[in-house]
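Each residue of the sequence shown is one higher than the last, beginning at 1263 in my numbering.
Before any comments, here is the structure.
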Amino acid sequence: MFNNKSILITGGTGSFGRCFINYLLQNFQPKKLIVFSRDELKQFEMQQEFQHPAMRYFIGNVRDKDRLITAMRGVDYVVHAAALKQVPAAEYNPMECIKTNIMGAQNVIDAAIDADVKRVIALSTDKAANPVNLYGATKLASDKLFVAANNISGSDGTRFSVVRYGNVVGSRGSVVPFYRKLLNEGKTSLPVTHPEMTRFWLKLEQGVEFVVKNFQRMQGGEIFVPKIPSVRILDLVEAMSGSQQYDVIGIRPGEKLHEVMVPEEVAHHTLEFSDHYVITPPISFFDKNIDYSINKLKEQGRAVSDKFEYHSGTNPEFLNVEQLAELDKSY
1263 MFNNKSILIT GGTGSFGRCF INYLLQNFQP KKLIVFSRDE LKQFEMQQEF
1313 QHPAMRYFIG NVRDKDRLIT AMRGVDYVVH AAALKQVPAA EYNPMECIKT
1363 NIMGAQNVID AAIDADVKRV IALSTDKAAN PVNLYGATKL ASDKLFVAAN
1413 NISGSDGTRF SVVRYGNVVG SRGSVVPFYR KLLNEGKTSL PVTHPEMTRF
1463 WLKLEQGVEF VVKNFQRMQG GEIFVPKIPS VRILDLVEAM SGSQQYDVIG
1513 IRPGEKLHEV MVPEEVAHHT LEFSDHYVIT PPISFFDKNI DYSINKLKEQ
1563 GRAVSDKFEY HSGTNPEFLN VEQLAELDKS Y
């Protein structure tokens, strides 16, 4: 579906953006691949790596709607990956997080509608479900904006959906490269915020493939959640260091012990598919009566139980130490 199409990704110099662009170049023949981001050095570095004639680079900030409108002219598909994502930084700089993650989200929506973009997928996070930190709260607000945008765009306008997933292995700022740095420095005991902590775990390539597949699945208004394994932080420590030595440093500001991707409170409008869940819109769209149980790929979903919750601590699938060690070798 991306052949001879123009695709723009906000925050395109990040870990996801680089992997997404590499995937599209290897599997499709896009007309244009537009990297929209605010860091000219990272764009310069990407230009050395991706020298494909389809590549375009736009310096810009999602806080600037006019620049987004200019960048989206003639664009068919948009992935919104730009965000302020560090939990402690958001707690200490709340308004900056709000400006980028909420106001920036609305700017992306307005620009996409103005440019008549066909489909938009916004990347979300497990922290948006029952948020206890500002980052999660801003991403929950962003999710709500993108779902409701399907009403604003009208019956034949831009379609908006959301992809929500957990920790990405090896992404910039995540625990794996942090632990690796400490081990390379000769540390033998790794810091742990809480020994019982669990997280959902996703390989970057899996996240990219899931987003690409959901461009094909989406009808507009869905929050797509992949079925992925969980990890225990102490298993990760052992897998990476070869020992069980750790130092408890305490839970950071705004941090959870476990994460949830589908809260029980939304179970009544959640559908289960073979490899993912779909949280359907809690609002009705004025011009459409969409059957979300059958997606655009004709995949069939079924309602979950009223007590269903997708929780990293009770997830039926966990990666063990050996699997984590093998995964660590690939990053």
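We treat Cβ as the ideally placed atom computed from N, Cα and C, and that holds for glycine.
Beta-carbon spacing of M1308, R1329 below 8 Å: In the sequence shown, the residue the question calls residue 1308 occupies position 46. In the sequence shown, the residue the question calls residue 1329 occupies position 67. For the 8 Å CB-CB criterion, M1308 and R1329 do not form a contact.
First through last residue of the beta strand (DSSP E) which encompasses L1385: Along the sequence shown, read from residue 1 onward, the residue named residue 1385 stands at position 123. Counting along the chain, the beta strand (DSSP E) containing L1385 begins and ends at 1381-1387.
Nonlocal neighbours in the same chain, by C-beta distance under 8 Å from I1364, ignoring five residues either side: In the sequence shown, counting from the first residue as 1, residue 1364 sits at position 102. The residues are T1400, A1403, S1404, L1407.
Alpha-carbon spacing of P1515 relative to G1273, whole angstroms: Here residue 1515 refers to the residue found at position 253 when the sequence shown is read from its first residue. Here residue 1273 refers to the residue found at position 11 when the sequence shown is read from its first residue. Near 25 Å, if we compare the C-alpha coordinates of G1273 and P1515.
Beta-carbon contacts of V1219 that lie in its chain and below 6 Å, excluding the five residues immediately before and after: With the chain covering only 1263 through 1593, there is no way to say anything about residue 1219.
Euclidean distance between Cα positions of F1440 and V1431: On the sequence shown, residue 1440 is found 178 positions in, with the first residue counted as 1. On the sequence shown, residue 1431 is found 169 positions in, with the first residue counted as 1. Looking at the two C-alpha atoms, the distance is approximately 11 Å.
Host alpha helix (DSSP H) of V1437 (start-end): Reading the sequence shown from its first residue, position 175 is the one you call residue 1437. For V1437, the enclosing alpha helix (DSSP H) has its first and last residue at 1437-1446.
Terminal residues of the beta strand (DSSP E) in which R1494 lies: Locating residue 1494 in the sequence shown gives position 232, counting from the first residue. First-last of the beta strand (DSSP E) with R1494: 1492-1494.
Check whether D1604 and T1275 have beta carbons under 8 Å apart: Outside the modelled stretch of the chain, which goes from 1263 to 1593, sits residue 1604, for which no answer is possible.
Helix, strand or coil at M1263 according to DSSP, with G and I counted as helix: Residue 1263 sits at position 1 when you count from the first residue of the sequence shown. Note: M1263 maps to coil in three-state DSSP.
F1289 classed as buried or exposed, judged by whether at least 16 other C-beta atoms fall within 10 angstroms: As a first step, residue 1289 is located in the sequence shown; it is residue number 27 there, counting from the start. Per the sequence shown, the amino acid found at residue 1289 is Asn instead of Phe. With fewer than 16 neighbouring CB atoms inside 10 Å of its own CB, N1289 falls in the exposed class.
Residue range of the beta strand (DSSP E) that includes T1532: The count along the sequence shown starts at 1 and reaches residue 1532 at position 270. Judged by DSSP secondary structure, T1532 falls within the beta strand (DSSP E) whose first and last residues are 1532-1534.
Nearest-angstrom Cα separation, counted from H1573 out to T1420: As a first step, residue 1420 is located in the sequence shown; it is residue number 158 there, counting from the start. As a first step, residue 1573 is located in the sequence shown; it is residue number 311 there, counting from the start. Near 32 Å, if we compare the C-alpha coordinates of H1573 and T1420.
Assumed close pair T1460, Q1507 - CB separation to whole angstroms, cut-off 8 Å: Your numbering for residue 1460 matches position 198 in the sequence shown. Your numbering for residue 1507 matches position 245 in the sequence shown. Actually they are not in contact, since the Cβ atoms of T1460 and Q1507 sit about 20 Å apart, beyond 8 Å.
Sequence-distant residues of the same chain with beta carbon closer than 8 Å to M1357, five excluded per side: The sequence position of residue 1357 within the sequence shown is 95, counting from 1. Non-local beta-carbon contacts of M1357 in its own chain, meaning distances under 8 Å to residues more than five positions away in sequence, are absent.
Cβ contact check for the segment 1473-1487 and the segment 1383-1393: 3 or more pairs under 8 Å: With a cut-off of 8 Å, the segment 1383-1393 and the segment 1473-1487 count as touching, because enough Cβ pairs lie within range.
Sequence-distant residues of the same chain with beta carbon closer than 7 Å to C1359, five excluded per side: As a first step, residue 1359 must be located in the sequence shown, where it is residue number 97. Counting only Cβ-Cβ distances below 7 Å, and skipping sequence neighbours, we find L1346, A1352, L1396, Y1397, T1400.
Euclidean distance between Cα positions of N1265 and D1378: As a working mapping, residue 1265 is identified with position 3 in the sequence shown. As a working mapping, residue 1378 is identified with position 116 in the sequence shown. If you draw a straight line from the Cα of N1265 to the Cα of D1378, it is about 18 Å long.
For L1295: DSSP bridge partner residues: The sequence position of residue 1295 within the sequence shown is 33, counting from 1. As DSSP reads the structure, L1295 sits in a beta bridge with I1269, M1317.
Buried/exposed call for P1292, threshold 16 Cβ in 10 Å: Here residue 1292 refers to the residue found at position 30 when the sequence shown is read from its first residue. By the 10 Å Cβ count, P1292 comes out buried.
Nearest-angstrom beta carbon gap, S1433 and L1466 [assumed within contact, 8 Å]: Along the sequence shown, one-based indexing puts residue 1466 at 204. Along the sequence shown, one-based indexing puts residue 1433 at 171. Between S1433 and L1466 the Cβ distance is about 6 Å, and since that is below 8 Å, they are a contact.
Residue burial classification, H1531 (beta-carbon count within 10 angstroms, cutoff 16): Locating residue 1531 in the sequence shown gives position 269, counting from the first residue. Residue burial is scored here from C-beta neighbours: H1531 has fewer than 16 other C-beta atoms within 10 angstroms and is therefore classed as exposed.
6 Å CB neighbourhood of E1458 in its chain, flanking five on each side removed: For the purposes of this step, residue 1458 is identified with residue 196 of the sequence shown, where counting begins at 1. Cβ neighbours of E1458 within its own chain (closer than 6 Å, five residues either side excluded): none.
D1376 versus I1414 - alpha carbon distance: What you label residue 1376 is simply residue 114 of the sequence shown in a count that begins at 1. What you label residue 1414 is simply residue 152 of the sequence shown in a count that begins at 1. Roughly 11 Å separates the two Cα atoms.
The segment 1539-1552 in contact with the segment 1497-1505 per 3-pair CB rule at 8 Å: Fewer than three beta-carbon pairs drawn from the segment 1539-1552 and the segment 1497-1505 are found closer than 8 Å, and the two stretches are therefore not classed as touching.
Residue burial classification, N1551 (beta-carbon count within 10 angstroms, cutoff 16): Numbered from 1 along the sequence shown, position 289 holds the residue referred to as residue 1551. Within a 10 Å sphere around the beta-carbon of N1551 sit fewer than 16 other beta-carbons, which makes this residue exposed.
Backbone CA spacing between V1437 and V1324 [nearest angstrom]: What you label residue 1437 is simply residue 175 of the sequence shown in a count that begins at 1. What you label residue 1324 is simply residue 62 of the sequence shown in a count that begins at 1. The alpha-carbon of V1437 is positioned some 27 Å away from that of V1324.
DSSP bridge partner residues for R1426 (one or two, in chain order): As a working mapping, residue 1426 is identified with position 164 in the sequence shown. Partner(s): S1386.
Through-space distance from K1267 to V1473, alpha-carbon basis: To locate residue 1473, count along the sequence shown from 1; it is residue 211. To locate residue 1267, count along the sequence shown from 1; it is residue 5. Going from the Cα of V1473 to the Cα of K1267 covers about 16 Å.
CB contact flag (I1490, G1563, <8 Å): Counting from one through the sequence shown, the residue named residue 1490 turns up at place 228. Counting from one through the sequence shown, the residue named residue 1563 turns up at place 301. With contacts defined by Cβ atoms closer than 8 Å, I1490 and G1563 do not form a contacting pair.
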